[in-house]
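**Student:** Provided herewith is a single structure, encoded as structure tokens, for subsequent inquiry.
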Amino acid sequence: MKRIMLSLLVAATAAGVSAFTNAPANTAGYGQLKSGMISGNFLVNKGTSNFQQRASVDPLANCNDADSRHCVYDVTASGKTNIPDQASYSDSEITTYLSNGWIAADADSQPALYDN
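Residue numbers (our numbering): 4 to 119.
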């Protein structure tokens, strides 16, 4: 009886330990965002080389004053893993992000400033 109990205890311990050791070593590519990367879905043009990230936008209501850059840029899936999380972004950073395909002008955007 003691031998059976000991065998069951050893089997239960082995199963419990193995449950914590089977996690994949690298979780990149599992849909998780990298730490320190942009969290907003959009970049808005606030003027004078000042673009800010936003979770949501309304380009039809807030794109008013004319500017050389678009009012709203959508952050692409590859942008979510390549654009750093910052308080603001410069004109040159926007140019780089566009050329890398990390952002794209929003379908409802136009060359203007975002008022909100």
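Ideal Cβ placement from N, Cα and C applies to all residues, glycine included. Only a predicted model underlies this, so the values are computations on that prediction, with no experimental measurement involved.
Can you check which of these residues, Q113, G50, K49, A58, is closest to I41 by C-alpha distance?
**Tutor:** One-based indexing of the sequence shown puts residue 41 at position 38. Ranking the options by Cα distance to I41, first place goes to A58.
**Student:** In this structure, how does DSSP classify I41 when only helix, strand and coil are distinguished?
**Tutor:** Locating residue 41 in the sequence shown gives position 38, where the first residue counts as 1. In the structure shown, I41 sits in coil (DSSP, three-state: anything other than H, G, I, E or B).
**Student:** Identify every run of the beta strand (DSSP E) within the segment 53-103, keeping only runs that are complete inside it and at least 3 residues long; order them along the chain.
**Tutor:** Those beta strand (DSSP E) runs which fall completely within the segment 53-103 and span 3+ residues are 54-57, 66-73, 75-78.
**Student:** Assuming contact is defined by CB atoms lying nearer than 8 Å, are I97 and F54 in contact in what I supplied?
**Tutor:** Locating residue 97 in the sequence shown gives position 94, counting from the first residue. Locating residue 54 in the sequence shown gives position 51, counting from the first residue. Yes. Within cutoff.
**Student:** Please work out which residues of its chain come closer than 6 Å, Cβ to Cβ, to N119, disregarding the five sequence neighbours upstream and downstream, and give them in chain order.
**Tutor:** Position 116 of the sequence shown, counting from 1, holds the residue named residue 119. Cβ neighbours of N119 beyond the five flanking positions: N65.
**Student:** Checking 8 Å against the spacing of the C-beta atoms, do S52 and S112 come in under that value?
**Tutor:** Translated into the one-based positions of the sequence shown, residue 52 becomes position 49. Translated into the one-based positions of the sequence shown, residue 112 becomes position 109. Result no, Cβ atoms of S52 and S112 do not sit closer than 8 Å.
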